[in-house]
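According to our numbering, the sequence shown is numbered sequentially starting from 2. Note that beta-carbon positions come from the ideal geometry of N, C-alpha and C, so glycine has one too. On a predicted model such as this, the values are computed, not experimentally measured, just so you know. Take a look at the structure below.
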Amino acid sequence: MDGITILGTGEYVPDTTATNEMFAKFIDTSDEWITTRTGIKERKISSSTPNFMMGAQAGRQAVENAGLTPKDIDCIIVSTCTPDFFYPNTACLIQNVLGAQPCACIDVNTACTGFITALDLARSYLAMNVYKTILVMASERLTNQIDYEDRGSCILFGDGAGAVVVQKGENKLYYSHSGAEGDMLESLYCKVYYDKNNPFHKEDDFLKDKIDTPQKERYLQMDGRAVYKFAVDAMAGAVAKICADSGFSLDDIDLVVPHQANLRIIQAAIKKMNVDESKVYTNLETHGNTSSSCIPMCLAELDKAGRLKRGMRICLVGFGGGLTYGATIFEY
Ligand code: ACO
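See below:
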């Protein structure tokens, strides 16, 4: 099968900056603790822009950078685990803002692994000639799901969106590997919050005993240590599997863009992968963890800085709620 060609990239960075010092004013934490445990100094928070509007702005930028118009897009694939609506899906909402009708609109949710899933799906559609030009993106407003009284999780997350426009890359390499461990769901989840007033429903007790109080039910729940341990092994394992399948070693890779969850996770994973740290790109120092938006936002930054060159071999690798994981190596 052929690979992909990225024609353009885009990103949306929200307006509000939340520094570590700001967190120290309302929870028991410090800049020193957050910096040494996570590498994060600040994150950007969408104070009033809905998720789909962030996505639309990143998508518009990617389409313009590709030298195209929204009507040239045959399909929009959006990764999000923080949608504004159950339906319509986020891709339809973004299509409407862009005026990209009547293209196909698909959402995927593998939590923070989602952009890799979306790119794999796009690549398959392109290789099978189902669509010619696809807008692949991630848009996340994790801060909608965060309990700002939980110091173990609230300091990690920011908001944002990233996008790429892709077409088929004739004879370009593309390898990927994804997986999930559904039995680890309790390590990281956010339950859908339902109205309790339905006369036919009894109280849903699935995972109820895991949550302190009913008020906390709608928030992200995380066992940080369990996720940390899983992430290091899963990311290194996925990349090792691709290397074994493709015959490449990480010496053949020019750039690694990992999910931006925690600098210590990234450092431990790259040590396990045995990859040169200078090839690894991070932006979590200023953006925090923007879930599945991390990777396409990094790609947009790299593109803006002129660091993406045709023929480069790029490795994307991530993990997230599920627990899921995935990695891909492709030629730019
Ligand atoms: N400030 C100060 N102290 C804190 C804070 C904080 N913000 N948070 C926790 N602590 C305390 C704990 O209460 C604990 O105190 P204790 O020893 O008195 O009990 C101590 O620090 C150590 O806590 P740990 O949880 O062991 O700290 P750790 O070094 O593991 O760091 C962290 C916590 C940063 C959450 C880390 O475990 C991590 O990054 N895990 C992975 C998280 C992740 O990547 N999640 C992905 C979510 S993405 C998605 O799919 C939506």
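Heavy atom of the ligand ACO within 8 Å of residue i beta-carbon
i, result
"Tyr229", "yes"
"Asn290", "yes"
"Asp269", "According to the sequence as given, residue 269 is Ala; it is not Asp. No, the Cβ of Ala269 stays beyond 8 Å of every heavy atom of the ligand ACO."
"Arg152", "yes"
"Gly322", "yes"
"Ile135", "no"
"Met223", "yes"
"Ile46", "no"
"Arg38", "yes"
"Asp160", "no"
"Cys113", "yes"
"Asn263", "yes"
"Phe27", "no"
"Leu317", "no"
"Ala301", "no"
"Ile296", "no"
"Arg226", "yes"
"Thr30", "yes"
"Ile254", "no"
"Ile35", "yes"
Nonlocal neighbours in the same chain, by C-beta distance under 7 Å from residue i, ignoring five residues either side
i, result
"Thr287", "Lys42 and Glu43"
"Lys45", "Val14, Pro15, Thr17, Thr18, Gly159, Asp160, Gly161 and His288"
"Phe116", "Ser80, Ala139, Ser293, Ile296 and Pro297"
"Glu278", "Ile271"
Own chain residues within Cβ distance below 8 Å of residue i, not counting five before or after
i, result
"Gly100", "Pro71 and Lys72"
"Asn275", "Leu251"
"Met313", "Asp255, Leu256, Glu332 and Tyr333"
Proximal residues to residue i (C-beta, below 6 Å), its chain only, five neighbours per side dropped
i, result
"Cys299", "Val258, Tyr282 and Asn284"
"Ala123", "Ile78, Ile135, Val137 and Val167"
"Gly9", "Ala63, Asn66, Ala67 and Val166"
"Asp75", "Cys104, Tyr132, Lys133 and Thr134"
First through last residue of the alpha helix (DSSP H) which encompasses residue i
i, result
"Tyr99", "The question names Tyr, but residue 99 in the sequence shown is Leu. Note, Leu99: alpha helix (DSSP H), Thr91 to Leu99."
"Ser247", "Gly225 to Ser247"
"Asp304", "Cys295 to Lys305"
"Ser154", "Arg152 to Cys155"
Boundaries of the beta strand (DSSP E) in which residue i is found, first to last residue
i, result
"Gly9", "Gly4 to Tyr13"
"Thr118", "Taken as a continuous stretch (DSSP letters only), Thr118 belongs to no beta strand (DSSP E), being part of the alpha helix (DSSP H) at Gly115 to Ala128."
"Pro259", "Leu256 to Pro259"
"Ile330", "Thr325 to Glu332"
"Ala105", "Ala105 to Val109"
"Glu141", "Ile135 to Arg142"
"Gly321", "Arg314 to Gly321"
"Lys169", "Asp160 to Gly170"
"Cys76", "Cys76 to Ser80"
Distance cut-off 8 Å: residue i Cβ against heavy atoms of the ligand ZN
i, result
"Phe86", "Summarising the ligand content, the structure contains the ligand ACO and does not contain the ligand ZN."
inquiry  = Could you tell me which whole alpha helix (DSSP H) segments of length 4 or greater appear in the stretch 261-291?
reply    = 264-274 and 285-288
key: Entirely enclosed alpha helix (DSSP H) segments - the stretch 8-52, minimum 4 residues   = 21-24 and 32-39
ask   = Taking only runs of the alpha helix (DSSP H) that begin and end inside the stretch 195-228, which ones reach a length of at least 4 residues, in chain order?
value = none
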